[in-house]
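Chemist: 41 is the number that the UniProt record's numbering gives to position 41 of the sequence shown; each next residue is one higher, with no gaps. All C-beta atoms in this analysis are idealised placements derived from N, C-alpha and C, irrespective of residue type, glycine included.
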Amino acid sequence: MIKWVIGVLAGFLVYILFFRKINYVQTSKYVIERGKYFKRRKIGDLPPVYPNGWFGILESSELAKGQVKHVSALGENFAVFRTQKGKVSIVDAYCPHLGANMAEGGKVKGDCIECPFHHWTFNGEGKCKSIPYSKTDPSRMETRAWNCREVNGIIFVWYHAELSDPEWELEPIPQISDGSWRFQGRNDFHVSCHIQDIPENGADWAHLNAVHGPAKIKKTIPSKIIRHSWTGTGWRCHQSLKYIDDFSAINLHHSLVLFEKWSIINMNVKVEQIGPAYVELFLDTTFGPVCILQTVTPLEPLKQRVTHYVYSPLLLSPYAKIIFWGESFMFERDIAVWNYKKYQKNPKLVKEDHTISSYRKWYSNFYTNNSPTYQSTQSLDW
1 MIKWVIGVLA GFLVYILFFR KINYVQTSKY VIERGKYFKR RKIGDLPPVY PNGWFGILES
61 SELAKGQVKH VSALGENFAV FRTQKGKVSI VDAYCPHLGA NMAEGGKVKG DCIECPFHHW
121 TFNGEGKCKS IPYSKTDPSR METRAWNCRE VNGIIFVWYH AELSDPEWEL EPIPQISDGS
181 WRFQGRNDFH VSCHIQDIPE NGADWAHLNA VHGPAKIKKT IPSKIIRHSW TGTGWRCHQS
241 LKYIDDFSAI NLHHSLVLFE KWSIINMNVK VEQIGPAYVE LFLDTTFGPV CILQTVTPLE
301 PLKQRVTHYV YSPLLLSPYA KIIFWGESFM FERDIAVWNY KKYQKNPKLV KEDHTISSYR
361 KWYSNFYTNN SPTYQSTQSL DW
């Protein structure tokens, strides 16, 4: 009997450590805090609120074959659907006929989405293929189709204020595609700030030791005994990809310092930002590689959904999950600042802050003449 109990407990422990996925979601706290403070908050002189680029709007696992999902983001309403053959398409949610939301009650029929109101059908290119009660040529009717990609377990939509076609592509990570790195879990946050504040954090090296230096247990153990140490070792526009202006790379070094003498749990972190809202973090740890993906999606002009996904080799699962829990707690420290700060258009920077000004210049590439401003979005119904 004892052996049986030990076997069951051991099996459960193996499941928890190696196979159970993390799902850390923190949004309710954001809603409460935003309601209490947001109306009194100083906004600042903001850049446009929706930059041009690829934005993650769904996880691949959230959209089954033959399913339709309604996503509201970037000031738009999307109908995202997957055909029985597995292809993902995105069109405007509202039917051009009488405005029914095709993502609410609509169905997938073949390679088309069927409007629930009058059963008009539209393919993934936005072309009307059928009007069942009319002899009118359906090809005269169309709705807007959005460029989309499904990469690394995420469904992305291409947003561009000038309606331009995609200017760069998202590349699959080979170890994720071939399964050698396993999905270990995710987290999900809502943040009240401008979208640029979030990725800009990576170029703000001075905040790393200020905000992320103290260990989680700082209230009981002084930082002189244990603390995190962060060092920025480089920021640059990405040089290895075709569209240089659209990519940046940041290199960081992390260690856990004991008694201000010994560095343990060292890791090098390579951060590759691909466009304004997607980041790939490659952690070279003492025990092996860990990969974290970050997507930032504007649900409203100053409301961002930030999601992280963690991958690692199977044998590294327990360690990867420990790192990811730590990353989640560290990210909440940033949220505590973002939710209350205002955007400083012309900050008073010192010489050591040069990476921030370089980063802002780089990020400005994603704004164009018609990029929506905060003021222009306030006439809309949120």
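Can you give me the Cβ contacts of glutamate 162 inside the same chain, cut-off strictly under 8 Å, excluding the 5 residues immediately before and after it?
Modeler: Around glutamate 162: Asn52, Thr368, Asn369, Asn370.
Chemist: Just the Cα atoms here: how many angstroms apart are phenylalanine 366 and glycine 75?
Modeler: 17 Å
Chemist: Report the three-state DSSP secondary structure of valine 337 (helix, strand or coil).
Modeler: helix
Chemist: Where glutamine 375 and alanine 210 are concerned, what is the direct C-alpha to C-alpha distance, given to the nearest angstrom?
Modeler: 33 Å
Chemist: With a cut-off of 8 Å on the beta carbons, I'd call alanine 277 and valine 296 a contact; round off their distance for me.
Modeler: 4 Å
Chemist: Return the chain-ordered list of same chain residues with a C-beta closer than 7 Å to the C-beta of glutamine 378, the five sequence neighbours on each side being excluded.
Modeler: There are no such residues.
Chemist: DSSP three-state label for residue 386, please.
Modeler: Residue 386 lies beyond the range of the chain shown here (1 to 382); nothing can be said about it.
Chemist: Assign glutamine 344 to buried or exposed, taking buried as 16 or more other Cβ atoms, counted over all protein chains shown, within 10 Å of its Cβ.
Modeler: exposed
Chemist: Output needed for asparagine 77: all residues of its chain with C-beta closer than 8 Å, excluding positions within five of it in sequence on either side, in chain order.
Modeler: His70, Val71, Asp92, Ala93, Tyr94, Asn101, Ala103
Chemist: Whole angstroms is fine: what's the gap from phenylalanine 81's alpha carbon to aspartate 353's?
Modeler: 44 Å
Chemist: Work out the CA separation of phenylalanine 189 and glutamine 26 for me, nearest whole Å.
Modeler: 5 Å
Chemist: Pairing CB atoms from the stretch 104–121 with CB atoms from the stretch 159–175, are three or more of them under 8 Å?
Modeler: no
Chemist: Leaving out five residues on either side along the sequence, give the residues of the same chain with a beta carbon under 8 Å from the beta carbon of proline 372.
Modeler: So the list reads Pro48, Val49, Tyr50, Gly75, Ala161, Pro301, once near-sequence residues are dropped.
Chemist: Let me know if phenylalanine 331 comes out buried or exposed under the rule of 16 or more other beta-carbons within 10 Å of its beta-carbon.
Modeler: buried
Chemist: Report the start-end ranges of each alpha helix (DSSP H) in the stretch 126–188 that is 4 residues or longer and not cut off at the edges.
Modeler: 174–177
Chemist: What are the partner residues of histidine 190, as DSSP defines its beta bridges?
Modeler: Arg305
Chemist: What did DSSP end up calling glutamine 378 once you bin it into helix, strand or coil?
Modeler: coil
Chemist: Alpha carbon to alpha carbon, how far is arginine 305 from serine 139?
Modeler: 37 Å
Chemist: According to DSSP, lysine 69 sits in a beta bridge with which residue or residues?
Modeler: Val80
Chemist: Can you give the Cα-Cα distance for valine 108 and lysine 127, rounded to whole angstroms?
Modeler: 14 Å
Chemist: Expressed to the nearest angstrom, what Euclidean distance is found between the alpha-carbon atoms of arginine 20 and proline 347?
Modeler: So the alpha carbons of these two residues sit roughly 44 Å apart.
Chemist: Note the first and the last residue of the continuous beta strand (DSSP E) segment covering threonine 286.
Modeler: Neither: threonine 286 is in no beta strand (DSSP E) and is coded neither H nor E.
Chemist: At what residues does the alpha helix (DSSP H) containing tyrosine 359 begin and finish?
Modeler: 354–363
Chemist: Whole angstroms are fine: how far does the CA of glutamate 62 sit from the CA of tryptophan 338?
Modeler: 28 Å
Chemist: I need the DSSP call for arginine 20, collapsed to helix, strand or coil.
Modeler: DSSP places arginine 20 outside both helix and strand once states are collapsed to three, so it counts as coil.
Chemist: Among residues of its own chain, excluding the 5 on either side of proline 174, which ones have a beta-carbon nearer than 7 Å to its beta-carbon?
Modeler: For proline 174, same chain residues with a beta-carbon under 7 Å away, outside a window of 5 residues either side, do not exist.
Chemist: With DSSP run on the structure shown, which of helix, strand or coil describes glutamate 104?
Modeler: coil
Chemist: Apply the 10 Å Cβ neighbour rule to proline 132 and answer buried if 16 or more other Cβ atoms are within range, or exposed otherwise.
Modeler: exposed
Chemist: Terminal residues of the continuous beta strand (DSSP E) containing threonine 373?
Modeler: From DSSP, threonine 373 is part of no beta strand (DSSP E); its letter is neither H nor E.
Chemist: Here's the rule I'm using: 16 or more other beta-carbon atoms within 10 Å means buried, otherwise exposed. How should leucine 316 be labelled?
Modeler: buried
Chemist: On a CA-only basis, which of Gly66, Ala73, Lys129, Val157 is nearest isoleucine 90? Give me that one, please.
Modeler: Val157
Chemist: Using beta-carbon positions only, say whether isoleucine 22 and phenylalanine 324 come within less than 8 Å of one another.
Modeler: yes
Chemist: Using the beta-carbon count (16 or more within 10 Å), is glutamine 184 buried or exposed?
Modeler: With 16 or more Cβ atoms within 10 Å of its Cβ, glutamine 184 is classed as buried.
Chemist: Assuming isoleucine 154 and glutamate 59 make a contact with CB atoms under 8 Å, what is their CB distance in whole Å?
Modeler: 6 Å
Chemist: Can you tell me the Cα-Cα spacing of tyrosine 159 and proline 166, whole angstroms?
Modeler: Computed Cα separation, rounded: 8 Å.
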